[in-house]
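J.: Its first residue numbered 48, the sequence shown is counted upward by one per residue in our numbering.
Submitted below is the structure of interest, expressed as structure tokens.
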Amino acid sequence: MDSTDMQRKLYKRSLFIVVLSQIFGGAGLAAGVTVGALLAQEMLGTESFAGVPAALFTLGSAVAAFLVGRLSEHYGRRLGLAAGFFTGGLGALGVILAAVNNSVVLLFISLLIYGAGTATNLQARYAGTDLAKSNQRAKAISIAMVSTTIGAVAGPNMVDFTGNFATSIGVPALGGPFLLAAAAYTLAGMVFFIFLRPDPYVVAKAVFEAQQSLDQKVDEGTGVQKSTTSGLIVGATVMILTQIVMVAIMTMTPIHMKHHGHSLGEVGLVIGIHVGSMFFPSLITGVLVDKIGRTAMSVASGGVLLLAGIVAAVAPPDSMVVLVIALSLLGIGWNFGLISGTAIIVDATDPTTRAKTQGTIDVLIALAGATGGVMSGMVVAHSSYATLSLAGGGLALLLIPVVIWSRSKSNVPVLNNKT
Numbered sequence: 048m049d050s051t052d053m054q055r056k057l058y059k060r061s062l063f064i065v066v067l068s069q070i071f072g073g074a075g076l077a078a079g080v081t082v083g084a085l086l087a088q089e090m091l092g093t094e095s096f097a098g099v100p101a102a103l104f105t106l107g108s109a110v111a112a113f114l115v116g117r118l119s120e121h122y123g124r125r126l127g128l129a130a131g132f133f134t135g136g137l138g139a140l141g142v143i144l145a146a147v148n149n150s151v152v153l154l155f156i157s158l159l160i161y162g163a164g165t166a167t168n169l170q171a172r173y174a175g176t177d178l179a180k181s182n183q184r185a186k187a188i189s190i191a192m193v194s195t196t197i198g199a200v201a202g203p204n205m206v207d208f209t210g211n212f213a214t215s216i217g218v219p220a221l222g223g224p225f226l227l228a229a230a231a232y233t234l235a236g237m238v239f240f241i242f243l244r245p246d247p248y249v250v251a252k253a254v255f256e257a258q259q260s261l262d263q264k265v266d267e268g269t270g271v272q273k274s275t276t277s278g279l280i281v282g283a284t285v286m287i288l289t290q291i292v293m294v295a296i297m298t299m300t301p302i303h304m305k306h307h308g309h310s311l312g313e314v315g316l317v318i319g320i321h322v323g324s325m326f327f328p329s330l331i332t333g334v335l336v337d338k339i340g341r342t343a344m345s346v347a348s349g350g351v352l353l354l355a356g357i358v359a360a361v362a363p364p365d366s367m368v369v370l371v372i373a374l375s376l377l378g379i380g381w382n383f384g385l386i387s388g389t390a391i392i393v394d395a396t397d398p399t400t401r402a403k404t405q406g407t408i409d410v411l412i413a414l415a416g417a418t419g420g421v422m423s424g425m426v427v428a429h430s431s432y433a434t435l436s437l438a439g440g441g442l443a444l445l446l447i448p449v450v451i452w453s454r455s456k457s458n459v460p461v462l463n464n465k466t
């Protein structure tokens, strides 16, 4: 606690453990994204409720985000994140049982539980920032997220392989990716439970409290400051809007593709590239957020998401190339928004309440995703995929007035003179 050199070493070690866990976590979250809607459509016999799986596991992730945040607040990141991943793995096993028994009720319950893995995978990004300096935070977030790319891209592209393996053991093909998810989430939880010692969040809180008790002036380089309401509002709004747009369009893309004769392998390829685009640009995004500022990257997020919606709307249904471009832009826009929004949230909180606040905000993000998932199926069923894509792109433009408002507030966190 008294050694800045040991804190620096623990920061690097913790970030490495987060990276290792996120590789497995990325593979776990990709299952629901890739085949969740297709499994629901197959079991329900209608596409009107094809957005329900995304809504359920994002709703489940909302509850999990709250609980993981509270666990982390009281017991540290190690126990909070491990518990979240183990719960997500249990939910994936439930989805497999639901597919085998053709039980819609069990499917919906299991998807709620499976959502814990999604929430934990996102909250893990905060563990890498606990001991980061203010000019390292966006980069730390980005390193954690880019490591998710490995599993997140591999997962959807293993749809055919896992499907064939599933059928060989008596499980429906669409249950195959959830076999991968169960194993991946369990491994991610084990990595945190075994190796995240000392706990970086516990250390960060102890350092902050010691500095406060000694009434020492906190060095500006540590970036420790009191919570700012406007910073929390802006960071949360940026992430909520990007989540709604991304989930809505992403959820209905597999259904749209299957309608126009694309194979399950082609669906997996498009979603795999999309998920890769959500995480792979993170290293560059983190540097840009730290260098040119949170505000600029939030605006860029809105612009890229608008472009993604337009491209998806005009894409010829049989064109894999244009669909890949649209979903890639969708992932990049989400990436810009999540990293810039997360950095704003970390800037606006102090270590004593940070985990709880982060968990609460991730609840709102998950609920936004659930709303996007439910509405997407209804919009497409009563209108079209193009309408959904254009509506999502238009919604992303709301980021601009939010950013304008944030610039008018003097207490929004400032980094290197750039909001």
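Backbone N, C-alpha and C fix where the C-beta goes; we use that ideal spot for every residue, glycine too.
Keep in mind the model is a prediction, meaning the values are calculated, not measured.
(1) Among F239, L103 and V115, which has the Cα closest to the Cα of V66?
(2) Can you say whether V285 is buried or exposed, counting buried as having 16 or more other CB atoms within 10 angstroms of its CB?
(3) Quick one, which of A390, L226, A362 and I156 has its alpha-carbon nearest A283's?
(4) Could you pull out every unbroken alpha helix (DSSP H) segment of at least 4 residues lying fully inside the segment 313 to 388, listed in chain order?
(5) Touch check for the segment 189 to 197 and the segment 397 to 410: three-plus C-beta pairs under 8 Å?
(6) Of the residues D246, M90, S61 and Q183, which one's Cα is nearest the Cα of Q126?
(7) Could you tell me whether the Cβ atoms of I386 and I188 are closer together than 9 Å?
(8) With a threshold of 16 other CB atoms inside 10 Å of the CB of V393, please say whether the residue is buried or exposed.
(9) Between H303 and V426, what straight-line distance do the alpha-carbon atoms span, to the nearest angstrom?
(10) Less than 9 Å separating the beta-carbons of Y161 and F63?
(11) Report the option in V110, A433 and G138 whose CA atom is closest to the CA atom of A166.
(12) Using a Cβ-Cβ distance under 9 Å, would G333 count as near chain B?
(13) Using CA coordinates, which residue listed in Q170, I156, V99 and G141 is at the minimum distance from L128?
(14) Rounding to the nearest angstrom, what Cα-Cα distance links G319 and L374 in this structure?
(15) Between the C-alpha atoms of G440 and M48, what's the straight-line distance to the nearest angstrom?
(16) Given a cut-off of 9 Å, decide if M293 and L353 are closer than it, judged by their beta-carbon atoms.
(17) Do S423 and M299 have their C-beta atoms closer together than 9 Å?
(18) Should A130 and P219 be called a contact, given that it needs their Cβ atoms to be closer than 9 Å?
(19) Within 10 angstroms of the Cβ of G217, are there 16 or more other Cβ atoms? Answer buried if so, exposed if not.
(20) Where V369 and L376 are concerned, what is the direct C-alpha to C-alpha distance, given to the nearest angstrom?
(21) Would you call the segment 248 to 260 in contact with the segment 226 to 236, where contact means no fewer than 3 C-beta pairs closer than 8 Å?
(22) For N149, count the other beta carbons within 10 Å of its own beta carbon; 16 or more makes it buried, fewer makes it exposed. Which is it?
(23) To the nearest angstrom, report how far apart P398 and K186 are at their CA atoms.
(24) Can you tell which of L234, L153, V449 and A191 has the C-alpha that lies nearest to the C-alpha of L288?
T.: With the given structure in hand:
(1) F239
(2) buried
(3) A390
(4) 329 to 339 and 341 to 361
(5) no
(6) Inspection of the sequence shows that residue 126 is occupied by Leu rather than by Gln. Cα-wise, what sits closest to L126 is D246.
(7) yes
(8) buried
(9) 12 Å
(10) no
(11) V110
(12) Annotation note: the requested chain B is absent from the structure, which comprises a single protein chain.
(13) Q170
(14) 10 Å
(15) 47 Å
(16) no
(17) yes
(18) no
(19) exposed
(20) 11 Å
(21) no
(22) exposed
(23) 19 Å
(24) V449
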